[in-house]
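When we follow the numbering used here, the leftmost residue of the sequence shown carries the number 40, and every step to the right adds one.
Glycine included, each C-beta is placed from N, C-alpha and C at the ideal position.
Here the structure is laid out as structure tokens; the discussion comes afterwards.
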Amino acid sequence: MDIKELKDITKNLSLLYVEDNSCLSKIKTELFEDIFKLTVLAEDGDIGLEKYKQAHYDLVITDINLPKLNGLKMVEEIFKIDSKQSVVVISAYSEVEYLSKIQELNIKHFLTKPAKSKDILNAIYESVKSLEVIIN
40 MDIKELKDIT
50 KNLSLLYVED
60 NSCLSKIKTE
70 LFEDIFKLTV
80 LAEDGDIGLE
90 KYKQAHYDLV
100 ITDINLPKLN
110 GLKMVEEIFK
120 IDSKQSVVVI
130 SAYSEVEYLS
140 KIQELNIKHF
150 LTKPAKSKDI
160 LNAIYESVKS
170 LEVIIN
């Protein structure tokens with residue numbers, strides 16, 4: 040996978056990015072805005088879930104440890120709306136409790152912080168390459 044190929048796949052896709060760390064979200068949002076048609080940021084799980092209910096997103100990237108509603112609970116609610124939603128989880132926490140919940144929810148892409156941009160881009164590629172989207 041190279042960045043040009045990724046951009047070709049994601050140029051018409053939308054992303055919901057849920058992260059409460061403002062420094063990290065600023066850096067990653069700039070990266071995501073460069074590859075997705077639309078990138079929407081939410082600062083906590085409640086806001087993320089509300090934004091998801093208002094619009095469909097091709098990919099959701101979330102932290103686990105979020106204010107109000109943690110990322111895994113948010114994903115669980117999102118899966119009730121769309122069980123096939125593509126999700127990438129990025130977290131500083133790799134505790135057994137979280138890992139078992141990630142397995143239970145069948146989340147295929149989990150990265151630990153600090154995640155390198157290359158690893159994030161690979162997870163995005165793996166998550167969206169199978170989407171049945173008409174690429175113009």
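Cβ-based burial, serine 122 [other Cβ within 10 Å; buried from 16]: On the sequence shown, residue 122 is found 83 positions in, with the first residue counted as 1. Exposed, by the Cβ-count rule.
Whole-number beta carbon distance between valine 57 and methionine 113, since they are thought to touch under 8 Å: Mapped onto the sequence shown, residue 113 falls at position 74. Mapped onto the sequence shown, residue 57 falls at position 18. The C-beta distance from methionine 113 to valine 57 rounds to 7 Å, short enough to meet the 8 Å contact threshold.
Pick from Leu77, Thr49 and Leu63 that is closest to lysine 152, judged by C-alpha positions: Sequence index remark: in the sequence shown, residue 152 carries index 113 (1-based). Measuring from the Cα of lysine 152, the nearest candidate turns out to be Leu63.
Alpha carbon of isoleucine 173 to alpha carbon of isoleucine 48, nearest angstrom: As a working mapping, residue 173 is identified with position 134 in the sequence shown. As a working mapping, residue 48 is identified with position 9 in the sequence shown. Here isoleucine 173 scores only 42 on pLDDT, less than 50, and its place in the model is too uncertain to base an answer on.
Three-way DSSP call (helix, strand, coil) for phenylalanine 75 in this model: For the purposes of this step, residue 75 is identified with residue 36 of the sequence shown, where counting begins at 1. The answer is coil: DSSP assigns phenylalanine 75 none of H, G, I, E or B.
Cβ neighbours of aspartate 102 in the same chain (closer than 7 Å, five flanking residues each side left out): Stepping through the sequence shown from its first residue, residue 102 is reached at position 63. Val57, Glu58, Asp59, Gly110, Ile129 and Ser130, listed in sequence order.
CB contact flag (valine 99, leucine 55, <8 Å): Start at 1 with the first residue of the sequence shown, and residue 99 comes out as number 60. Start at 1 with the first residue of the sequence shown, and residue 55 comes out as number 16. Yes, the pair counts as a contact, with Cβ atoms nearer than the cut-off.
For isoleucine 159, three-class secondary structure by DSSP: Reading the sequence shown from its first residue, position 120 is the one you call residue 159. In this structure, isoleucine 159 counts as helix in the three-state DSSP scheme.
Inter-residue Cα distance where the pair is valine 167 and histidine 148: Along the sequence shown, one-based indexing puts residue 167 at 128. Along the sequence shown, one-based indexing puts residue 148 at 109. So the two alpha carbons sit approximately 11 Å from each other.
Cβ neighbour criterion (16 or more within 10 Å) applied to aspartate 41: Reading the sequence shown from its first residue, position 2 is the one you call residue 41. With fewer than 16 other Cβ atoms within 10 Å, it is exposed.
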